[in-house]
Amino acid sequence: MEFFRIQRDIPFMRNALVLNAISALTFLAAVFFIATRGLHFSIEFTGGTVIEVAYAQPADINRVRATVESLGMGEVQVQNFGTSHDVLIRLPLREDVKQADVVVRVFSELCKAEGSTVSTQQIKSEKGSEASAQVCGEVGAESVRLQRSEFVGPSVGSELARDGALALAVTIAGIMIYLALRFEWKFSVAGIIANLHDVIIIVGFFAFFQWEFSLSVLAAVLAVLGYSVNESVVIFDRIREAFRKYRKLTTMQVIDHAITSTISRTIITHGCTLMMVISMLIFGGPTLHYFAVALTIGILFGVYSSVFVAAAIAMWLGVKREDLMRASSKDIDPDDPNAGAVV
Amino acid sequence: MLLLALFAGLIYTLPNLFGEAPAVQVSSGRSTVKVDSSIATRVEEALAAAGLKADFVQLEAASVKARFHDTDAQIKAKDAISKALNPDPADASYIVALNLLSRSPHWLMAVNALPMSLGLDLRGGVHFLMQVDMQSALTKKAESLAGDVRLLLRDKNLRHAGISRDGENLTVRFKDRETLMATRKLLEDELPDLNWTESDDGAEIKLSGALKPIAAKRVQEAAVKQNITTLHNRVNELGVSEPVIQQQGVDRVVVQLPGVQDTAKAKDIIGRTATLEVRMVDESVEASAAATGNGPVPLGSERYTERGSRPLIVKRQVILTGENLTDAQTGFDSQSQEPSVNLTLDAKGARIFKDVTRENIGKRMAILLFEKGKGEVVTAPVIRGEIGGGRVQISGRMSSNEAADTALLLRSGSLAAPMEIIEERTIGPSLGADNIAKGFDSVLYGFAAIAVFMCAYYMLVGAISTLALAFNLLLLVSVLSMLQASLTLPGMAAIALTLGMAIDANVLINERVREELRNGSSPQSAIHNGYERAFTTILDSNVTTLIAGLSLLAFGSGPVRGFAVVHCLGILTSMFSAVVFSRGLVNLWYGRQKKLKGVSIGQVWTPAPSPKN
Numbered sequence: 007m008e009f010f011r012i013q014r015d016i017p018f019m020r021n022a023l024v025l026n027a028i029s030a031l032t033f034l035a036a037v038f039f040i041a042t043r044g045l046h047f048s049i050e051f052t053g054g055t056v057i058e059v060a061y062a063q064p065a066d067i068n069r070v071r072a073t074v075e076s077l078g079m080g081e082v083q084v085q086n087f088g089t090s091h092d093v094l095i096r097l098p099l100r101e102d103v104k105q106a107d108v109v110v111r112v113f114s115e116l117c118k119a120e121g122s123t124v125s126t127q128q129i130k131s132e133k134g135s136e137a138s139a140q141v142c143g144e145v146g147a148e149s150v151r152l153q154r155s156e157f158v159g160p161s162v163g164s165e166l167a168r169d170g171a172l173a174l175a176v177t178i179a180g181i182m183i184y185l186a187l188r189f190e191w192k193f194s195v196a197g198i199i200a201n202l203h204d205v206i207i208i209v210g211f212f213a214f215f216q217w218e219f220s221l222s223v224l225a226a227v228l229a230v231l232g233y234s235v236n237e238s239v240v241i242f243d244r245i246r247e248a249f250r251k252y253r254k255l256t257t258m259q260v261i262d263h264a265i266t267s268t269i270s271r272t273i274i275t276h277g278c279t280l281m282m283v284i285s286m287l288i289f290g291g292p293t294l295h296y297f298a299v300a301l302t303i304g305i306l307f308g309v310y311s312s313v314f315v316a317a318a319i320a321m322w323l324g325v326k327r328e329d330l331m332r333a334s335s336k337d338i339d340p341d342d343p344n345a346g347a348v349v
Numbered sequence: 105m106l107l108l109a110l111f112a113g114l115i116y117t118l119p120n121l122f123g124e125a126p127a128v129q130v131s132s133g134r135s136t137v138k139v140d141s142s143i144a145t146r147v148e149e150a151l152a153a154a155g156l157k158a159d160f161v162q163l164e165a166a167s168v169k170a171r172f173h174d175t176d177a178q179i180k181a182k183d184a185i186s187k188a189l190n191p192d193p194a195d196a197s198y199i200v201a202l203n204l205l206s207r208s209p210h211w212l213m214a215v216n217a218l219p220m221s222l223g224l225d226l227r228g229g230v231h232f233l234m235q236v237d238m239q240s241a242l243t244k245k246a247e248s249l250a251g252d253v254r255l256l257l258r259d260k261n262l263r264h265a266g267i268s269r270d271g272e273n274l275t276v277r278f279k280d281r282e283t284l285m286a287t288r289k290l291l292e293d294e295l296p297d298l299n300w301t302e303s304d305d306g307a308e309i310k311l312s313g314a315l316k317p318i319a320a321k322r323v324q325e326a327a328v329k330q331n332i333t334t335l336h337n338r339v340n341e342l343g344v345s346e347p348v349i350q351q352q353g354v355d356r357v358v359v360q361l362p363g364v365q366d367t368a369k370a371k372d373i374i375g376r377t378a379t380l381e382v383r384m385v386d387e388s389v390e391a392s393a394a395a396t397g398n399g400p401v402p403l404g405s406e407r408y409t410e411r412g413s414r415p416l417i418v419k420r421q422v423i424l425t426g427e428n429l430t431d432a433q434t435g436f437d438s439q440s441q442e443p444s445v446n447l448t449l450d451a452k453g454a455r456i457f458k459d460v461t462r463e464n465i466g467k468r469m470a471i472l473l474f475e476k477g478k479g480e481v482v483t484a485p486v487i488r489g490e491i492g493g494g495r496v497q498i499s500g501r502m503s504s505n506e507a508a509d510t511a512l513l514l515r516s517g518s519l520a521a522p523m524e525i526i527e528e529r530t531i532g533p534s535l536g537a538d539n540i541a542k543g544f545d546s547v548l549y550g551f552a553a554i555a556v557f558m559c560a561y562y563m564l565v566g567a568i569s570t571l572a573l574a575f576n577l578l579l580l581v582s583v584l585s586m587l588q589a590s591l592t593l594p595g596m597a598a599i600a601l602t603l604g605m606a607i608d609a610n611v612l613i614n615e616r617v618r619e620e621l622r623n624g625s626s627p628q629s630a631i632h633n634g635y636e637r638a639f640t641t642i643l644d645s646n647v648t649t650l651i652a653g654l655s656l657l658a659f660g661s662g663p664v665r666g667f668a669v670v671h672c673l674g675i676l677t678s679m680f681s682a683v684v685f686s687r688g689l690v691n692l693w694y695g696r697q698k699k700l701k702g703v704s705i706g707q708v709w710t711p712a713p714s715p716k717n
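Protein chains in written order, with our numbering: chain A, 7 to 349; chain B, 105 to 717.
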């Protein structure tokens, strides 16, 4: 089975202008959305309280919202989470109320609205562990159950935001340095611009649809960044090898050749990774949902940017055979039998 | 080398497959009670008496764990052990709790092969991040130093115009320069932790003291460590298996209690303070009668038990409290070389102590620890002579272990600085089990999809690649189990992602081999060259993903950190398995045939001859 029956090098670079224009447009659209709509940050960045409850019956969101709002805790967000039985309640930070009590108060209110009271009871699992917990009603016949609660104080929130930004900055810096060392500064710049384009697009999607941007999404974005640069590295390697092998070709033809020869590998790998990510999207449940979404978008756009945009920008920056030859001749160690080995 | 890695991988992954069995855990219910091997023996005896058989009874860290085959045995065992260890249920010295333990056989545990440590979002439980109020720790220290300065100056008869404390700085005012110079010299000798600067604002001359940065750091570190120790003791009371209490950064403590669902109770126990009191022992005739049970407790005294369950009658009047105790350490008696406990009192405490010891030579003094409203005697030494200067040594009839325990208890009586909860997370157990199932499913189905594709597209070599991927997974799970790194839900996602990315290496190799074959190389050299050329690219491409993973590791926290750890480890194992393992297998399969006729790598399509320059 062979999917890629390619007779000769596809002239990608002839259309470099069009390809880059498309990516520039999507880039600008993403920036526009980020600037105007802003990101919907999770409480990990803003601070606040999140409570996830599961109802025995499908939940009436409006009633839940009314109940929580009657407590007067500020602007609350109430929404379904996963199934129709699960409800996610988000409360902002407040200076006066002690955050630790918020969860208890909200849960008792919700329980009262269902007509029972909260009491401390022992829960025993079938496997044999025992724990005492706040239970609404009787164990096993609870009308509403507390699945998960999370409280992030203001200092922690701003720290996480700062750490996240630092992680992004360090990753970018690290990759740029690595590319510059391994290839040449023009490739380094081209690689980073193309792959940052990926990152901005993912963030733009999140801004446009107002999906929740949490720390796991940031982790996904960074993973995508690393992965995309992968692609560019493979192409750059091929370009270097082609420069060496086919001395009569122009730069544009060399790049075309490099992309064409690696296209099969690029598509297959991305396909496989996509299969894994889609399986996560389907089976991963609501907690991992946005993480998987960020990965999916990243991988799809990643093919485009790493393959076409990176090489095109390198071409525009004026990369020549001499750039790479000089660099590699410095590296070659006469005793190393594998010198100059590339794929 | 490959076989070794495979074998190690299997051994360390095995515990994960065993599931969990019901168990009973015995931990101490009070600071003054310690769980050690004698308790383990008592548990065994209790079980034998009840006719129950445990898989094993083991002393682990600060608790005794006994594993059983089913929940019936577990519940019966709990009852038997509770009756044996806690004769008075209202005043339980030991907490007997039901828990789950891994079911893996003993020989695996002997090799330190444990199942993966599951994070809270997979196990259910409670996570607190607490911040130690460093300000108040430093203020407390400054306050006690001010008292020391006052005392010193009075002893040396140096007149001053007032000592005040402003936040963490001390100011001593003087009327003339000579006194200031003399004082400064004295203070620099006696209190080396402070930096003194003179200032003269016309109306009065002042000496300002501030804690040296090193000393301040020491105070902060001690405060955090003290609080952590206190937390450890209190968390033991909850009967939690594998609690996590760690310092995070300069002034924060992470507390993770898996399996605990009741945050209110957890917070109550953690926030509780224990207080220390020093009182005189009542040595009157009526008191001794009361102690042996032959008479009532005299008015003005109370009855407490000493460690070792001997009753002691102690007067009600409190002489000193934990506030006056600044430190308690173990040491050795200089004369008798016996283990001793060395206490340091602050200035006020020292003066009171000096008076009390002077007036009560030969009598006994009791140091009591109060928790949950009930008190217990930690130690009741005899006063041998007047003790001034605030340094007290308690020695005699103590082993060095007992001395260490006593010092620990005395320190835990005084919480160094208050703590505040700044982050809190609770996950219900059903959600935890749910998350595990979801994570597992994603990995499984994704893997299956990739495997099907690879075998169909690349035939036998594809099958080898799939095996390499499976080996990668095995290696990753075993490394995680070995390191006991905490696995979270994003961590499972990282496993899925890493597998998806790991296949890249194999695809690179396979495509390259196909290309070599397409160009007309012989099968043997095609394989050889394919692997050669692919290696540097695999290395390069994995390095960039590793950079992203490492920076996440450095700056991430909580579940994201779990993701980063698995991601980085996954990259390393995938590099290893792709290159070493698949190369090994291919060599094994094809290497023997000298004249290889063909490589089963799927269809190798050759283009029609085209002009190539």
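For every residue, glycine included, the Cβ atom is placed at its ideal position computed from N, Cα and C.
Minimum Cβ-Cβ distance from residue i to chain A less than 9 Å
i: Phe685 (chain B); result: no
i: Phe557 (chain B); result: yes
i: Gln239 (chain B); result: no
i: Val581 (chain B); result: no
i: Val647 (chain B); result: yes
i: Lys187 (chain B); result: no
Endpoints, beta strand (DSSP E) assigned at residue i
i: Phe436 (chain B); result: Leu429 to Phe436
i: Gly229 (chain B); result: Gly229 to Val236
i: Lys157 (chain B); result: No beta strand (DSSP E) contains Lys157 (chain B), which DSSP labels as neither H nor E.
i: Gly313 (chain B); result: Ile309 to Leu315
Per-residue contacts from residue i into chain D (C-beta, under 8 Å)
i: Gln153 (chain A); result: Here the protein chains are A and B, and chain D is not one of them.
DSSP-derived helix/strand/coil call for residue i
i: Asp107 (chain A); result: helix
i: Phe87 (chain A); result: strand
i: Gly479 (chain B); result: strand
i: Asn103 (chain B); result: Residue 103 (chain B) lies beyond the range of chain B shown here (105 to 717); nothing can be said about it.
i: Thr177 (chain A); result: helix
i: Gly54 (chain A); result: strand
i: His76 (chain B); result: Outside the shown range of chain B, which is 105 to 717, sits residue 76 (chain B), and nothing can be said about it.
Delimiting residues of the alpha helix (DSSP H) encompassing residue i
i: Gln178 (chain B); result: Thr175 to Leu189
i: Ser661 (chain B); result: Where Ser661 (chain B) is concerned, there is no enclosing alpha helix (DSSP H), given that its DSSP letter is neither H nor E.
i: Lys458 (chain B); result: Ala451 to Glu463
i: Met282 (chain A); result: Thr257 to Phe289
Within-9 Å CB hit, residue i to chain B
i: Met258 (chain A); result: no
i: Phe289 (chain A); result: yes
i: Phe297 (chain A); result: yes
i: Cys117 (chain A); result: no
i: Asn21 (chain A); result: no
i: Ile338 (chain A); result: Low local confidence applies: a pLDDT of 47 at Ile338 (chain A) is under 50, so the model's placement there is unreliable, and no value is given.
i: Cys142 (chain A); result: no
i: Ile265 (chain A); result: no
Counting Cβ pairs, one atom from each stretch, are 3 or more of them under 8 Å apart for the region 577-585 of chain B and the region 659-678 of chain B? yes
Do the region 612-626 of chain B and the region 146-153 of chain B make contact, defined as three or more Cβ pairs closer than 8 Å? no
Output needed in chain order: residues of the region 201-235 of chain A with a Cβ under 7 Å from some Cβ in chain B. Leu221, Ser222, Ala225, Leu228, Ala229, Leu231, Gly232, Tyr233 and Val235
Looking at C-beta atoms only, is the number of pairs between the region 188-195 of chain A and the region 79-89 of chain A that lie closer than 8 Å three or more? no
Cβ pair count under 8 Å reaching 3, the region 31-44 of chain A against the region 201-208 of chain A: yes
In the region 546-579 of chain B, which residues sit with their C-beta less than 9 Å from some C-beta in chain A, listed in chain order? Ser546, Val547, Leu548, Tyr549, Gly550, Phe551, Ala552, Ala553, Ile554, Phe557, Met558, Ala560, Tyr561, Tyr562 and Met563
Note down, in chain order, all residues in the region 602-616 of chain B with a beta-carbon under 8 Å from any beta-carbon belonging to chain A. Leu603, Gly604, Met605, Ile607, Asp608, Val611, Leu612, Glu615 and Arg616
Name the residues in the region 171-185 of chain A whose C-beta lies less than 7 Å from a C-beta of chain B; which are they? Leu172, Ala173, Val176, Thr177, Gly180, Ile181 and Tyr184
Interface positions of the region 625-644 of chain B facing chain A (Cβ-Cβ less than 7 Å), listed along the chain: Glu636, Arg637, Ala638, Thr640, Thr641 and Asp644
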